[in-house]
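Residue numbers (this note's numbering): 770 to 1217. One structure is given here, and the rest of the page talks about it.
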């Protein structure tokens, strides 16, 4: 593997060993296979180094001058470009959308930065790849992103495992120069405890304010709403959330519910269009509608300690192999789907089908919301489902399992201004489906 000089940044850490951990949800296959895929055909150089506080590696050349400007900015005003990915196998089209929203072209170049608290740099060759290249490190044979052909000049991974690392000048410099930023999967408790209220969080806020596209998958997705399920006491199931919405696993912040541990004093970052919102992932596969209803209920003033009006809190649940693209000006923010080809093995919950996103609100206050009691809501849960479903033909015969963007959209700025429709490409918006909860269970017609 060729090594490039360390990019010119303040206090560069010494060259260190290449990271080999594979704690990434999609990266159980060996990192070496991805590195060879990227380097053999591309002759792309990758370097890695580690300081005492963090690890950093890159492929391409971060020192290349970059002229990319976010397309969502007009003069001094910028609107967000956000990817909410539901975990599982990544959706390459979502990364290509981020690259386009960043204004990256072959003429401008651009730095794509991956952030994580644990794990490997397996995203580097996945993003810094040729269009139409198959990702052979997974059994699905989905395509890689093709960032090299789209103008990306470097993909860089920072593993930031402490609050000290989240204040390091080198880390902050890399983030400040990013053209696009993606938060990998892992454990959102790590992100919350290591990154919240640090200079890293402030740097991410500056990036959002400047229109830099930001995204996350699984745990990374969980941190992008105004509210977050931070899993400080492990995860929580739908059954647990509905049986007792105040159980010890319901660590939703900033609600000061973290059982004496580090308390969030505000949102991790504030993204316009995602105010009063909490996100969830692995939605269909892990049957998470019940727990999302629990989160939305707890944040609202229909439950003790709630801080928002009950009918103003939005929950967004995203299926695996699916991502929600959030964009548009204030008052006109929309959500659109990108997805991998439909795979029936991901469909396990009664609110099938897969490759969907679910938008959830309460139309009335809970009849019962108290500690050690079931969450009871009398037909007061409304759900819209945005579905991709039908795959589209791949533009590359070499990569037939190709991800795609749909025509269907959801209006994030106005819950009442939705138009349920099935589009020509097979995508659809359906709803609102009406549910209730009682006895620790969801009641009502299945979301189909």
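The beta carbon of each residue, even a glycine, is placed where N, CA and C say it ideally should be.
Residues of its chain near residue i, where Cβ-Cβ distance is below 7 Å and the 5 sequence neighbours each way are ignored
| i | result |
| --- | --- |
| residue 1160 | 1110, 1111 and 1173 |
| residue 856 | 794, 954, 986, 987, 1050, 1051 and 1089 |
| residue 1019 | 1005, 1010, 1026, 1063 and 1067 |
| residue 935 | 929, 963, 964, 967, 968 and 969 |
| residue 873 | 837, 879, 919, 920, 921 and 948 |
| residue 822 | 931, 933, 934 and 937 |
| residue 1077 | 1045, 1068, 1069 and 1070 |
| residue 1040 | 849, 851, 977 and 993 |
| residue 875 | 920 |
For residue i, three-class secondary structure by DSSP
| i | result |
| --- | --- |
| residue 990 | helix |
| residue 1044 | coil |
| residue 1177 | strand |
| residue 862 | helix |
| residue 881 | strand |
| residue 1019 | coil |
| residue 1049 | strand |
| residue 1205 | strand |
| residue 810 | The predicted position of residue 810 is uncertain, since its pLDDT is 39 and thus under 50; a value taken from the coordinates is nonetheless stated next. The answer is helix: DSSP assigns residue 810 an H, G or I state. |
| residue 1144 | coil |
| residue 843 | strand |
| residue 975 | helix |
| residue 942 | helix |
| residue 895 | helix |
| residue 1165 | coil |
| residue 917 | helix |
| residue 868 | helix |
| residue 1009 | helix |
| residue 963 | helix |
| residue 1038 | coil |
6 Å CB neighbourhood of residue i in its chain, flanking five on each side removed
| i | result |
| --- | --- |
| residue 1199 | 1154 and 1189 |
| residue 949 | 867, 871, 881 and 982 |
| residue 951 | 883 and 984 |
| residue 1197 | 1156, 1177 and 1191 |
| residue 1168 | 901, 903 and 912 |
| residue 1148 | 1203 and 1205 |
| residue 755 | This structure gives no information on residue 755, because the portion of the chain shown stretches from 770 to 1217. |
| residue 1207 | 1145 |
Neighbour-count burial assignment, residue i, 16 or more Cβ in a 10 Å radius
| i | result |
| --- | --- |
| residue 1192 | exposed |
| residue 1008 | exposed |
| residue 958 | buried |
| residue 836 | exposed |
| residue 804 | Here the model assigns residue 804 a pLDDT of 43, short of 50, so the residue's position is not dependable, and the following value carries that caveat. Its Cβ being crowded by 16 or more others within 10 Å, residue 804 is buried. |
| residue 915 | buried |
| residue 850 | buried |
| residue 861 | buried |
| residue 1185 | exposed |
| residue 1042 | buried |
| residue 1028 | The pLDDT assigned to residue 1028 is 47, lower than 50, so where the model puts this residue is not dependable; a value taken from the coordinates is nonetheless given after this. Its Cβ having fewer than 16 others within 10 Å, residue 1028 is exposed. |
| residue 1213 | exposed |
| residue 846 | exposed |
Cβ-Cβ distance between residue i and residue j below 8 Å
| i | j | result |
| --- | --- | --- |
| residue 1016 | residue 1142 | no |
| residue 1046 | residue 1083 | yes |
| residue 824 | residue 1096 | no |
| residue 829 | residue 877 | no |
| residue 966 | residue 995 | no |
| residue 1132 | residue 1181 | no |
| residue 980 | residue 839 | yes |
| residue 1091 | residue 1125 | yes |
| residue 1218 | residue 1000 | Since the first residue shown for the chain is 770 and the last is 1217, residue 1218 is missing from the structure and cannot be characterised. |
| residue 941 | residue 1038 | no |
| residue 1073 | residue 1139 | yes |
| residue 1129 | residue 1150 | yes |
| residue 1106 | residue 1086 | no |
| residue 924 | residue 943 | no |
| residue 1152 | residue 1201 | yes |
Same chain, Cβ closer than 8 Å to residue i, five either side skipped, listed in chain order
| i | result |
| --- | --- |
| residue 1003 | 1018 |
Cβ-Cβ separation, residue j to residue i (assumed contact under 8 Å), whole Å
| i | j | result |
| --- | --- | --- |
| residue 926 | residue 885 | 7 Å |
| residue 893 | residue 826 | 6 Å |
| residue 990 | residue 853 | 5 Å |
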